[in-house]
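*Asks:* In this note's numbering, the protein residues as written are -12 to 246. Using N, Cα and C, we set each Cβ at its ideal position, and we do this for glycine too. The structure presented is a predicted model; accordingly, all values stated were derived computationally and were not measured. Quick one: structure below, then a few questions.
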Amino acid sequence: MSILHVHRFGPAAGPLVLALHGLTGHGKRWAALAEEYLPDIRVIAPDLRGHGRSSSLPPWDFERIVADLVDLLAAEAEEPALIVGHSFGAATAVHLAHRHPELVRGLVLLDPAIALDPVRLDEIAHNTLAHPDYANIDDARGDKLASAWADVAPALLDAELNEHLIATGDGRVGWRMSLPAITSYWGQLARDFVLPPADLPTVLVQAMKVRPPFVTPEFRSALTARLGERLTVREFDCDHMVAQSMPAETAALVRAALG
-12 MSILHVHRFG
-2 PAAGPLVLAL
8 HGLTGHGKRW
18 AALAEEYLPD
28 IRVIAPDLRG
38 HGRSSSLPPW
48 DFERIVADLV
58 DLLAAEAEEP
68 ALIVGHSFGA
78 ATAVHLAHRH
88 PELVRGLVLL
98 DPAIALDPVR
108 LDEIAHNTLA
118 HPDYANIDDA
128 RGDKLASAWA
138 DVAPALLDAE
148 LNEHLIATGD
158 GRVGWRMSLP
168 AITSYWGQLA
178 RDFVLPPADL
188 PTVLVQAMKV
198 RPPFVTPEFR
208 SALTARLGER
218 LTVREFDCDH
228 MVAQSMPAET
238 AALVRAALG
């Protein structure tokens, strides 16, 4: 049985975009961007380990996720892929490029969450464990609207709820994910950042409504120093869900990165 459940969009051949979702998310979250704005582009979007319909088996760290993606790319791609990552997925993309530059033609990093404050992450992890599910769908919707989805189109939020909510017992609902894995991954975001190769074309998008920012000044400065003219920085006037809030702008960056 395959470790990763993979969502596929667009043609079966052509240059490959590997799209990586954020923590607590799933690969189908890329569907609207791929189908409505990049229908001619080959996109594969796995549910990362511990998320969605993929395996939840440990270990739960960047090294294991990168190894999963190396296996996936070996099966799917004959040439290096463009990696588009959001939040935790963007951090994973950087680790993939750092360890296996031969597999990556470029990076599009959408509000990457990397090398964050351990105190902040400890609070988030404990809150996740204390409130693992919801009384009903309306409560889940309200939580999303209060935590970065307020500027996302209602239809996309409906799709998120339909795909990602499952029954947890006693009439309650929760996200389709492994709580042990998610708890471990919050800790991974406290690790020191790594950087991509100095010659790798990279796009960094910072969501300017996120406070405090996930894109730390230290990471942004280090990326700039490392990549120089190979780095393109964009500041989007949106909350954290960049691809859902500003899909046309995100798609334009992907097309430009593909050349």
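1. Within 10 Å of its beta-carbon, does Gly158 have 16 or more other beta-carbons around it, so buried, or fewer, so exposed?
2. How far does the beta strand (DSSP E) with Trp173 in it reach, from first residue to last?
3. When burial is assigned at 16 or more other CB atoms within 10 Å of the CB, is Ala117 buried or exposed?
4. Starting from the C-beta of Gly93, find all residues in its chain whose C-beta is less than 6 Å away, skip the five residues before and the five after it, and write them out in chain order.
5. DSSP three-state label for Ala6, please.
6. Say whether the stretch 145 to 158 touches the stretch 174 to 192, bearing in mind that this needs 3 or more beta-carbon pairs closer than 8 Å, one atom from each stretch.
7. How many Å lie between Ile169 and Tyr24 at the Cα?
8. Considering Val160, what are the terminal residues of the beta strand (DSSP E) in which it resides?
9. Can you look up Thr219 in the DSSP assignment and give me helix, strand or coil?
10. Run through DSSP, which three-state label would Val273 get?
11. Would you give the residue range spanned by the beta strand (DSSP E) that Ile28 belongs to?
12. Excluding the 5 residues flanking Val30 on each side, which residues of the same chain have their C-beta closer than 6 Å to its C-beta?
13. State the DSSP-derived secondary structure class of Asp130, mapped to helix, strand or coil.
14. Where does Val57 fall in DSSP's three states?
15. Label Leu35 either buried or exposed according to how many other C-beta atoms from any shown protein chain fall within 10 Å of its C-beta, with 16 as the threshold for buried.
16. Are His85 and Pro33 touching if we call contact CB-CB under 8 Å?
17. Cβ atoms of Arg213 and Leu182: under 8 Å apart, would you say?
18. Bridge partners for Gly12 per DSSP, in chain order?
19. On the CB-based measure, 16 or more other CB atoms within 10 Å of its CB, does Met(-12) come out buried or exposed?
20. In the structure shown, what three-state DSSP assignment does Phe(-4) receive?
*Replies:* Answer, in terms of the structure:
1. Here residue 158 refers to the residue found at position 171 when the sequence shown is read from its first residue. When all chains shown are included, Gly158 counts as exposed.
2. On the sequence shown, residue 173 is found 186 positions in, with the first residue counted as 1. Looking at the DSSP string, Trp173 is not in any beta strand (DSSP E); the run it does join, the alpha helix (DSSP H), is 166 to 175.
3. The residue you call residue 117 lines up with position 130 of the sequence shown. Here Ala117 is exposed. Its C-beta has fewer than 16 other C-beta atoms within 10 Å.
4. As a working mapping, residue 93 is identified with position 106 in the sequence shown. Excluding sequence neighbours, Gly93 sits near Leu69, Pro188, Ala244.
5. Your numbering for residue 6 matches position 19 in the sequence shown. Strand.
6. Too few Cβ pairs lie closer than 8 Å, so no.
7. Position 182 of the sequence shown holds residue 169. Position 37 of the sequence shown holds residue 24. Approximately 30 Å, taken between the alpha carbons.
8. For the purposes of this step, residue 160 is taken as the residue at position 173 of the sequence shown. Taken as a continuous stretch (DSSP letters only), the beta strand (DSSP E) holding Val160 covers 159 to 162.
9. Position 232 of the sequence shown, counted from the start, is the residue given in the question as residue 219. Strand, per DSSP.
10. There is no way to answer for residue 273, as the model of the chain reaches only from -12 to 246.
11. Counted from its first residue, the sequence shown places residue 28 at position 41. Annotation for Ile28: no beta strand (DSSP E) segment contains it, and DSSP assigns it neither H nor E.
12. Your numbering for residue 30 matches position 43 in the sequence shown. Within the same chain, Val30 has close Cβ partners Phe(-4), Gly(-3), Val4, Ala6, Ala21.
13. On the sequence shown, residue 130 is found 143 positions in, with the first residue counted as 1. Of the three classes helix, strand and coil, the one that applies to Asp130 here is helix, per DSSP.
14. Counting from 1 along the sequence shown, the entry for residue 57 is found at position 70. Val57 falls in the helix class under three-state DSSP.
15. Reading the sequence shown from its first residue, position 48 is the one you call residue 35. With 16 or more other Cβ atoms within 10 Å, it is buried.
16. Mapped onto the sequence shown, residue 85 falls at position 98. Mapped onto the sequence shown, residue 33 falls at position 46. Going by C-beta atoms, His85 is not nearer than 8 Å to Pro33.
17. As a working mapping, residue 182 is identified with position 195 in the sequence shown. As a working mapping, residue 213 is identified with position 226 in the sequence shown. Their beta carbons are under 8 Å apart, which means Leu182 touches Arg213 by this criterion.
18. Position 25 of the sequence shown, counting from 1, holds the residue named residue 12. Its beta-bridge partners do not exist; DSSP assigns none.
19. Residue numbering aside, residue -12 sits at position 1 when the sequence shown is read from its first letter. Since pLDDT at Met(-12) reaches only 48, below the 50 mark, its modelled position is unreliable, and no value is offered.
20. By 1-based counting over the sequence shown, the position of residue -4 is 9. If DSSP states are grouped into helix, strand and coil, Phe(-4) belongs with the strands.
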